[in-house]
Amino acid sequence: MQYRAEVTIELKPGMLDPEGTTIRRALEHLGYHTNELRTSKRYIIDLEEESAEMAKQKVDEMCQKLIANPIIHNYTIEMREA
Amino acid sequence: MTIAIIEFGGSNCNLDVLHVLEDVVGADAERVWYKETDLDRFEGAVIPGGFSYGDYLRSGAIASRTPIMNSVKKMADEGKPVMGICNGFQILTESGLLDGALTTNEYPKFRCEWTSLRVETTDSPFTSAFKEGEIIRIPIAHMDGNFYADEPTLSAMEDEKLVAFRYVDSEGHVTDEANPNGSQENIAGILNHKRNVMGLMPHPERASESVLGSDDGVRMFKSMVEYISNR
Chain A
1 MQYRAEVTIE LKPGMLDPEG TTIRRALEHL GYHTNELRTS KRYIIDLEEE SAEMAKQKVD
61 EMCQKLIANP IIHNYTIEMR EA
Chain B
1 MTIAIIEFGG SNCNLDVLHV LEDVVGADAE RVWYKETDLD RFEGAVIPGG FSYGDYLRSG
61 AIASRTPIMN SVKKMADEGK PVMGICNGFQ ILTESGLLDG ALTTNEYPKF RCEWTSLRVE
121 TTDSPFTSAF KEGEIIRIPI AHMDGNFYAD EPTLSAMEDE KLVAFRYVDS EGHVTDEANP
181 NGSQENIAGI LNHKRNVMGL MPHPERASES VLGSDDGVRM FKSMVEYISN R
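Below, the structure written as structure tokens:
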């Protein structure tokens, strides 16, 4: 089966997000007030696996081995059939 | 005695390090492309700065997962000295050879300027030619040099004296103004627990000849070469 994983990587809560802070400040200049703005990165990965569970396990491995840095990141994986 | 200069696609301080090691210090050095897997013939390694793999994903992340890094780990396990400069520091933290992580500068801007550093320990193969507490001048050039580690890691580093250099003002005080990137506790360079691996964001190779404005950096390479000769 073909699966599509959408991986979202974000900085752990409490960690400084300089990119988000800068965007928030720019919005403020445009007259938009926000309480918080955090950035995240999203990776879309298509892969072939026997089951959704196996596909998710593979993507989880990818996150642990390369895509995320466990010292600074949290991540979530959403799976669906492609 | 030959020192390996590890090169990835996007390394760009490799020739500067080669020049300093060979022409200024008088050591033997050899550039090694990341596809090599056997580093047994080398007595030490330097991972130079640059933008390996375009700094895609995270600075240093992709380079840290290449097979040559397993050979660098083996060198480190054998007690050989390994120094990572700038992107090299990012590669060493990403590969787990050093604690912590390097994230985007607190004010997210590429900063290229001279910094004052305080030598925090002389007990390492890279800092033995300095005096403890000495203030030296070495330039930085980075966007992702904000050192982060959690509290238990930081206090363990403090206990073991693993911080090699801190950003300070011209009088040697640790201040927020002297911190160019928001690093915790103004950390500019650290050692591993065995003290034979060092990563630092400032570029010692760019301060290794007085014509460049400072030759403080050359003592790191001299320390390393002397350590290797005495091993």
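Protein chains in written order, with UniProt numbering: chain A, 1 to 82; chain B, 1 to 231. Cβ coordinates follow ideal geometry from the N, Cα and C atoms, glycine included. Quick caveat: nothing in here was measured; it's all calculated off a predicted structure.
Check, Outcome
"Cβ shell of GLY172 of chain B (< 6 angstroms), same chain only, five flanking positions each side left out", "ARG118, ILE135"
"Opening and closing residue of the beta strand (DSSP E) in which GLY44 of chain B lies", "44-47"
"At least three beta-carbon pairs within less than 8 angstroms, the region 18-27 of chain B to the region 53-63 of chain B", "no"
"Nearest-angstrom Cα separation, counted from VAL218 of chain B out to VAL20 of chain B", "7 angstroms"
"Reference ASN181 of chain B; option with closest CA among B:PRO125, B:ASP215, B:HIS193, B:GLU113", "B:GLU113"
"Completely contained alpha helix (DSSP H) runs for the region 30-73 of chain A, where each covers 4 or more residues", "52-62"
"Closer than 8 angstroms to chain B by CB, THR22 of chain A", "yes"
"Given ALA45 of chain B as reference, the closest of B:ALA141, B:ASP215, B:GLY88 once Cα atoms are compared", "B:GLY88"
"Assigned secondary structure, VAL119 of chain B (DSSP; H/G/I helix, E/B strand, else coil)", "strand"
"Identified DSSP bridge partners for LEU200 of chain B", "B:ILE85, B:GLY189"
"Among B:ASN192, B:LYS131, B:GLY10, B:TYR107, the one whose alpha carbon lies nearest that of GLY79 of chain B", "B:ASN192"
"DSSP three-state assignment for ASN146 of chain B, whether helix, strand or coil", "strand"
"Minimum Cβ-Cβ distance from LEU16 of chain A to chain B less than 8 angstroms", "yes"
"Amino acids of chain B, ordered along the chain, whose beta-carbon sits closer than 8 angstroms to that of ASN69 of chain A", "ARG58, ALA61, GLU94, ALA101"
"Extent of the continuous beta strand (DSSP E) to which ASP28 of chain B belongs", "28-33"
"Three or more C-beta pairs below 8 angstroms linking the region 33-44 of chain A and the region 4-21 of chain A", "yes"
"Chain-order list of residues whose beta-carbon lies under 6 angstroms from that of THR153 of chain B (same chain, five-residue window excluded)", "ASP99"
"DSSP three-state assignment for PHE221 of chain B, whether helix, strand or coil", "helix"
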